[in-house]
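Just so you know, the protein sequences line up as chains A and B, in that order.
Numbered per the working numbering, the first sequence spans residues 116 to 249.
Numbered per the working numbering, the second sequence spans residues 116 to 249.
Notes follow the structure.
Protein chains: 2
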Amino acid sequence: MIENISELKVMGDDRGKLSVIEGGIDVQFDIKRVFYIYDVNTSATRGAHAHYKTKQFLVPVSGRCKVTLDNGQEKHTFELNKPNICLFQDAMIWGTMHDFSDDCVLMILADDHYDDSDYIRNYNKFLEVAKNDS
Amino acid sequence: MIENISELKVMGDDRGKLSVIEGGIDVQFDIKRVFYIYDVNTSATRGAHAHYKTKQFLVPVSGRCKVTLDNGQEKHTFELNKPNICLFQDAMIWGTMHDFSDDCVLMILADDHYDDSDYIRNYNKFLEVAKNDS
Numbered sequence: 116m117i118e119n120i121s122e123l124k125v126m127g128d129d130r131g132k133l134s135v136i137e138g139g140i141d142v143q144f145d146i147k148r149v150f151y152i153y154d155v156n157t158s159a160t161r162g163a164h165a166h167y168k169t170k171q172f173l174v175p176v177s178g179r180c181k182v183t184l185d186n187g188q189e190k191h192t193f194e195l196n197k198p199n200i201c202l203f204q205d206a207m208i209w210g211t212m213h214d215f216s217d218d219c220v221l222m223i224l225a226d227d228h229y230d231d232s233d234y235i236r237n238y239n240k241f242l243e244v245a246k247n248d249s
Numbered sequence: 116m117i118e119n120i121s122e123l124k125v126m127g128d129d130r131g132k133l134s135v136i137e138g139g140i141d142v143q144f145d146i147k148r149v150f151y152i153y154d155v156n157t158s159a160t161r162g163a164h165a166h167y168k169t170k171q172f173l174v175p176v177s178g179r180c181k182v183t184l185d186n187g188q189e190k191h192t193f194e195l196n197k198p199n200i201c202l203f204q205d206a207m208i209w210g211t212m213h214d215f216s217d218d219c220v221l222m223i224l225a226d227d228h229y230d231d232s233d234y235i236r237n238y239n240k241f242l243e244v245a246k247n248d249s
């Protein structure tokens, strides 16, 4: 799953740094929704669900955290520790975010609008659907 | 220009906070591009340009900064000091970002892909175009 990591270009000068994500270019999909996690409890675990269809792109715009992706057969934990190191989470991948730094802000781009019926929140249900898909 | 400010809903629990921007719903346009400014020089001024067509939505996902919008006739300075207080910058508005906090990360959503010919970087040129538009 290492290919899920993208390194965005950093445009820096004496004013600071800037990185850009063009929908359909730097990320594999058109951006329909953006959400961001902030004022995090550093000991919390977030995510812990999969989506039937929604694809996501995770960007640690401040601080750092770890994200574990699980396709039902193998798990891989990624350290998101630079603002330009991003992670693609495909549909039908169970994702968990953890080990947040105090200053972590995790921005997530999604390829679809919010739809509660697209969530799989039970891990056994996820394994069952993943097995039937493969 | 006070109507340019949007206050996003904050979904908070013991894990932290989360805010969402649905393209075409929470922001007036479809999101084609996302960029973010980080590791800022607190004494820097950024922006200082207008766009012929591109509309933008500014979100201070970490820290705070000030943004001055100028339509060629009047200027207004906004303090972006909470992660859910956002600012809409229309086309043909000169925008300047300044007074960044150390920890400021400013996320900007745009309604179009990058196009260098859409920028007006000379203030006198901006005033001339704005005058002819009105």
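Think of the CB as a built atom: it goes at the ideal place given N, C-alpha and C, for glycine as much as any other residue.
Keep in mind it's a predicted model, so treat the numbers as computed, not measured.
Contact holds between the stretch 173–182 of chain B and the stretch 212–224 of chain B, because three or more Cβ pairs, one in each stretch, are under 8 angstroms apart.
For ILE146 of chain B and HIS191 of chain A, the gap between their C-alpha atoms comes out near 30 angstroms.
Beta-bridge partners of GLY138 of chain A (DSSP): A:VAL142. For the stretch 133–144 of chain A, the set of positions with a beta-carbon nearer than 7 angstroms to some beta-carbon of chain B reads LEU133, SER134, VAL135, ILE136, GLU137, GLY138 in chain order.
The C-alpha of VAL174 of chain B is placed about 8 angstroms away from the C-alpha of LEU195 of chain B. Judged by their CB atoms, ASP218 of chain B and SER177 of chain B are nearer to each other than the 9 angstroms cut-off. Contact residues of the stretch 197–208 of chain B toward chain A are PRO198 (C-beta to C-beta distance below 8 angstroms).
Residue-level contact check: ILE152 of chain A touches chain B, since one or more beta carbons of chain B fall below 9 angstroms from its beta carbon. According to DSSP, residue pairing for ALA225 of chain B in a beta bridge involves B:ARG148, B:GLN171. With a cut-off of 8 angstroms on Cβ pairs, the stretch 154–169 of chain B is not in contact with the stretch 231–248 of chain A, counting fewer than three such pairs. In this structure, the straight-line span from the alpha carbon of GLY138 of chain B to that of ARG148 of chain A is close to 6 angstroms. The residue among B:VAL220, B:ILE140, B:PHE172 with its C-alpha nearest the C-alpha of ILE120 of chain B is B:PHE172.
With distances taken between CA atoms, MET207 of chain B lies nearest to B:ASP248 out of B:ASP248, B:VAL135, B:VAL142. Only ALA159, ARG161 from the stretch 157–172 of chain B bring a Cβ to less than 7 angstroms from some Cβ of chain A. For ALA245 of chain B, there is no enclosing beta strand (DSSP E); the enclosing alpha helix (DSSP H) covers residues 238–248. PRO198 of chain A and TYR153 of chain B do touch by the CB rule: their CB atoms are close to 5 angstroms apart, below 8 angstroms. Residue burial is scored here from C-beta neighbours: GLN188 of chain A has fewer than 16 other C-beta atoms within 10 angstroms and is therefore classed as exposed. Closer than 9 angstroms to the CB of SER177 of chain B there is at least one CB belonging to chain A. The straight-line gap separating the alpha-carbon atoms of ASN156 of chain A and PHE193 of chain A is approximately 19 angstroms.
Per DSSP, SER158 of chain B is not a residue of any beta strand (DSSP E), being assigned neither H nor E. Cβ-Cβ distances below 7 angstroms link LYS240 of chain B to nothing in the same chain once the five nearest sequence neighbours on each side are left out. Taking a contact as a CB-CB distance under 8 angstroms, the pair VAL142 of chain A and LEU221 of chain A does not count as one, their CB atoms being some 15 angstroms apart.
Classified as buried, ASP226 of chain B has 16 or more neighbouring CB atoms from the shown chains inside 10 Å of its CB. Listed along the chain, the chain A residues whose CB falls inside 8 angstroms of the CB of TYR229 of chain B are VAL135, GLU137.
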